[in-house]
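Only one structure is covered here, and it is reproduced in the block below.
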Amino acid sequence: MRNENQVTPANEEVSGPDGDRRSFLKTGSAMSASVAALSAAPMVHAQDTAGGNSDTVRLAMVGCGGRGGGAVNDTMSINENIELVAMADVDGEKLDPFRRGALKRHENKVKVADSKMHSGIDAYRRVLDDPDVDVVMFATPPGFRPQYIAEAVDAGKHVFAEKPTCVDPAGFKICLSAHEQAIANGTAIVTGTQYRRQTNYVEAVKRIHGGEIGDIIAATTRYCSTGIWNRIRKPDMSDTEYQIYNWMHFIWLSGDQIAEQAVHNIDTMNWIMGGPPESAYGSGGRFTRPEGSEMWDNIEVDYIYPGNRLLSFMCRQIPGTAGDNSNIIYGTNGTCTIYGANRGAVITDRDGKESWSMQGNISAAYRQEHKDLIDSIRDGKPIVELKATAESSMTAVLGRMAAYTGQSVKWDFATKESKLDLFPADFDIKGARPESKHAIPGKTKLI
Ligand SMILES: NC(=O)c1ccc[n+]([C@@H]2O[C@H](COP(=O)([O-])OP(=O)(O)OC[C@H]3O[C@@H](n4cnc5c(N)ncnc54)[C@H](O)[C@@H]3O)[C@@H](O)[C@H]2O)c1
539 MRNENQVTPA NEEVSGPDGD RRSFLKTGSA MSASVAALSA APMVHAQDTA GGNSDTVRLA
599 MVGCGGRGGG AVNDTMSINE NIELVAMADV DGEKLDPFRR GALKRHENKV KVADSKMHSG
659 IDAYRRVLDD PDVDVVMFAT PPGFRPQYIA EAVDAGKHVF AEKPTCVDPA GFKICLSAHE
719 QAIANGTAIV TGTQYRRQTN YVEAVKRIHG GEIGDIIAAT TRYCSTGIWN RIRKPDMSDT
779 EYQIYNWMHF IWLSGDQIAE QAVHNIDTMN WIMGGPPESA YGSGGRFTRP EGSEMWDNIE
839 VDYIYPGNRL LSFMCRQIPG TAGDNSNIIY GTNGTCTIYG ANRGAVITDR DGKESWSMQG
899 NISAAYRQEH KDLIDSIRDG KPIVELKATA ESSMTAVLGR MAAYTGQSVK WDFATKESKL
959 DLFPADFDIK GARPESKHAI PGKTKLI
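According to our numbering, the sequence shown holds residues 539 to 985 in order.
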């Protein structure tokens, strides 16, 4: 399993100056010019090819797992005149149960022919090549996201991309490029940061920005939970197949909990603070992860935002510990607390007297992002929100870099100078991967 010539991503922070993704970027720019020149992407289908009408928006799902199923249900529950017409998953066994599940709930909106169910590592390309597809939805492990989004934009497809949108600086740059290209092409990109569309979050942030708690001095944000799944390797899986199957535990695929899960809180904070932080200093460690996992159990980061405002961040997944998913913003005149999921938001003055509160409804937020996407396509005003989500994903990466290495890391270094590229330069679905190792501060290098 171990290739002595390779270093372990989490431990040594692989640099890939001319890896696949960067050479793709060059192709991407060239293609983008030609796509833009054709003023290309059709907003929706002009032809009725599958039983809908000319206004029917046709969707494809890439990554037919848990959230993929949720996203299909969300979009079908809130949008009319849409159809799921194609599916792709690296694991062919996922496809039929996924289609059956979608059919059970939305019989009239699921029109996936057997010939449009694609499996294998290049399955997403069959979807991008399909002229019947208007919108591609990505719910694969995050490590694939930057490249897949960029290729989808090149192909003139509208995109729904789950969070996080990148797990390293190399992926961040691809996202920034794809964002610009989508604007030029007229293709939409909506991302799975549903809290930006949750009404109690929207109202709380509006009140903070309106000065209701005074000037922001500092904030805390926590995503602490009790654990995460671990999938046992099946016989005959290559190292790469196994890592993709058990993707949460491999940093090149998940980005660790801080990127995979806590990006929701970090995204909320970037939204409130008006953009990403200037620097990060952090720590963390591991006690309970399974053998072979590269994940840490917990990461704590002090982020400094412009205006010398401190964000104290914490994430943890340890069984038996107290959970907390909350964002608390301290202002000169009061405090705003926004809880995750359905637990609402509240504003109090400096004496603790409540002046405002509101309940939350996360299910509505999950659906709203899909309504906004489809409406924006139909209105000819495609939403492109990749940059903000990429910045939030990169803020998580910045915190992870600081914690893994034990160094103070600046945003400018991480986004402009860092050579960190976790995607395997020698990616081969049947190939071996180096033995996994977790990061050790003081030994893991900042690159
Ligand atoms: N917005 C949210 O609140 C939310 C909630 C849960 C998950 N997510 C995100 O959704 C994504 C998927 O998470 P999940 O829980 O559904 O994971 P999952 O493991 O249940 O599903 C992932 C699916 O992708 C497939 N896959 C893996 N690599 C692929 C590739 N290269 N091409 C095609 N298919 C591939 C897998 O076989 C699997 O079916 C993650 O990015 C996760 O962070 C977001």
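Don't be surprised by glycine CBs; every beta carbon is placed ideally from N, CA and C.
This structure is a prediction, so every number in the text was calculated from the model and none was measured.
It is roughly 4 angstroms from the alpha-carbon of Ala-941 to the alpha-carbon of Ser-821. The beta-bridge partner set that DSSP reports for Ile-754 consists of Gly-869. Taking C-beta atoms as the reference points, Arg-683 and Thr-703 count as a pair closer than 7 angstroms. The continuous stretches of beta strand (DSSP E) do not include Leu-641, which lies in the alpha helix (DSSP H) extending over residues 633-643. When DSSP reads this structure, His-656 sits in a beta bridge with Ala-626.
When distances are taken from the beta-carbon of Ala-693 to the heavy atoms of ligand 1, even the shortest one reaches 6 angstroms or more. In this structure the stretch 859-868 touches the stretch 751-766; the number of beta carbon pairs closer than 8 angstroms is three or more. As for any alpha helix (DSSP H) of minimum length 4 sitting wholly inside the stretch 651-737, the runs are 661-666, 683-692, 707-723, ordered along the chain.
Contact annotation, Gly-872 with Ile-885: C-beta distance approximately 6 angstroms; criterion of less than 8 angstroms satisfied. If you draw a straight line from the Cα of Gln-945 to the Cα of Gly-603, it is about 36 angstroms long. The straight-line gap separating the alpha-carbon atoms of Val-628 and Ile-751 is approximately 48 angstroms.
Contact between the stretch 739-757 and the stretch 705-723 is absent: fewer than 3 CB-CB pairs across the two stretches fall below 8 angstroms. Of all C-beta pairs linking the stretch 946-958 to the stretch 810-824, three or more are shorter than 8 angstroms, placing the two stretches in contact. Ala-677 has its Cβ nearer than 6 angstroms to a heavy atom of ligand 1. Judged by pairs of C-beta atoms under 8 angstroms, the stretch 786-797 does not touch the stretch 873-880, as fewer than three such pairs exist. A contact between stretches requires three or more CB pairs, one per stretch, nearer than 8 angstroms, and the stretch 835-842 fails this requirement with the stretch 954-970. The beta carbons of Ile-616 and His-908 sit closer together than 7 angstroms.
For Asp-794, the uninterrupted alpha helix (DSSP H) segment begins and ends at 794-798. In this structure, Ile-620 and Ile-804 do not form a Cβ contact; the two beta carbons are roughly 31 angstroms apart against a cut-off of 8 angstroms. Between the alpha carbons of Glu-618 and Glu-700 lies a distance of about 22 angstroms.
In this structure, the CA atom of Ala-626 is about 42 angstroms from the CA atom of Arg-745. Non-local beta-carbon contacts of Cys-853 in its own chain, meaning distances under 6 angstroms to residues more than five positions away in sequence, involve Tyr-761, Gln-795, Ile-796, Ala-800, Ile-837 in chain order.
Your pair Val-674 and Val-600 checks out as a contact, with CB atoms roughly 6 angstroms apart and the cut at 8 angstroms.
Under the three-state reduction of DSSP output, Trp-894 falls in the strand class.
The nearest non-hydrogen atom of ligand 1 is 6 angstroms or more from the C-beta of Pro-669. Residue burial annotation: Ile-810 is buried, with at least 16 other C-beta atoms found within 10 angstroms of its C-beta. For Thr-875, the three-state secondary structure derived from DSSP is strand. Taking 6 angstroms as the cut-off, the C-beta of Ile-782 counts as close to a heavy atom of ligand 1. Nearest C-alpha to Gly-830 among Gln-781, Ser-930, Pro-669: Gln-781. Within the same chain, Cβ atoms closer than 8 angstroms to the Cβ of Val-671 are found at Arg-596, Leu-597, Ala-598, Val-623, Ala-624, Val-665, Lys-695, the five residues on either side in sequence being excluded.
Inclusion of Ile-921 and Gln-855 in the CB contact set at 7 angstroms is not warranted, their separation being larger than that value. At a Cβ-Cβ threshold of 7 angstroms, Glu-923 and Thr-729 count as neighbours. In the DSSP assignment, Gly-820 is bridged to Val-839.
If you draw a straight line from the Cα of Leu-936 to the Cα of Pro-707, it comes to about 9 angstroms.
Taking the Cα of Leu-633 as reference, the smallest distance to any Cα among Gly-607, Gly-812, Met-614 is reached at Gly-607. Taken through DSSP and simplified to helix, strand or coil, Met-599 comes out as strand.
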